[in-house]
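Single-structure report; data block below.
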Amino acid sequence: TSGEYACDLVITVPDKFDLAATTEPYYTTSYMLVYVKGRGLDEVTDPQMLGKFVEEKKPDLKFGLADVGPAQLWVFYQGLMGNMVPFQGQPGDPKVSPGKLLLDQLIAGNIDATIIWGPTAGYYAKEYQSQAELVLLPMKDDAQNPEMKFVYNMAMAVRFGEKAWKDQVNQLIKDNSQEIKKILTEYHVPLIEP
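Position one of the sequence shown corresponds to residue 14 (our numbering), numbered consecutively onward.
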């Protein structure tokens, strides 16, 4: 109402985000298949192995899954719908992280595996390392099913029409790329090749 904007920069959006002008991407990450090491899934070293593994060795697997995100179709195509334990993706409390809720259930043994956003998985894997070792396996995009997008190049966003500001932010990203990567690594954000 004052004519001022609340902010001038959003620091994490997918590149090609259509609601704002995006910078050059500054990291790439993906959703992660997550399970607790030592609880029967250690043979699974690639997410694509899970469906067959469950069919042959662990038919009672409980797969915790939020009601939003790209994982629902993946679970369907893996033949795991009968193993799904549904969770609310946005619980309504901004102080509650849906990814943390899933990981809490995973560590407690109430579910065996889940798929969550990589930066969330990485951060809590570090936070919970004294309780359990979490295995994070990067999800891959499926060329046959483009609606199942798991890998994202992440950028920053400015308002449309602010070319000089966008150029300045792009230059800052370029000039500080090593420091940015160090911060992402310190927070255990899973980084993958773009």
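Glycine included, every Cβ here is placed at the ideal spot set by N, Cα and C.
Quick caveat, the model's predicted, so the values are computed rather than measured.
DSSP places ILE193 inside the alpha helix (DSSP H), whose first and last residues are 190-199.
Counted as a single uninterrupted DSSP element, the stretch harbouring TYR136 is not any beta strand (DSSP E) but the alpha helix (DSSP H) occupying residues 131-140. For TYR48, the beta-bridge partners assigned by DSSP are ALA126 and VAL148. Secondary structure of ASN166 (DSSP, three-state): strand. By the CB criterion at 8 angstroms, VAL26 and ALA145 fall outside the cutoff. In the displayed model, PHE76 falls within a strand according to three-state DSSP.
The way I'd put it, the segment 119-131 does touch the segment 73-85; three or more beta-carbon pairs between them come closer than 8 angstroms. By the beta-carbon neighbour count (other beta carbons within 10 angstroms, threshold 16), VAL109 is exposed. For PRO99, the enclosing beta strand (DSSP E) covers residues 97-100. Residue burial is scored here from C-beta neighbours: LEU46 has at least 16 other C-beta atoms within 10 angstroms and is therefore classed as buried.
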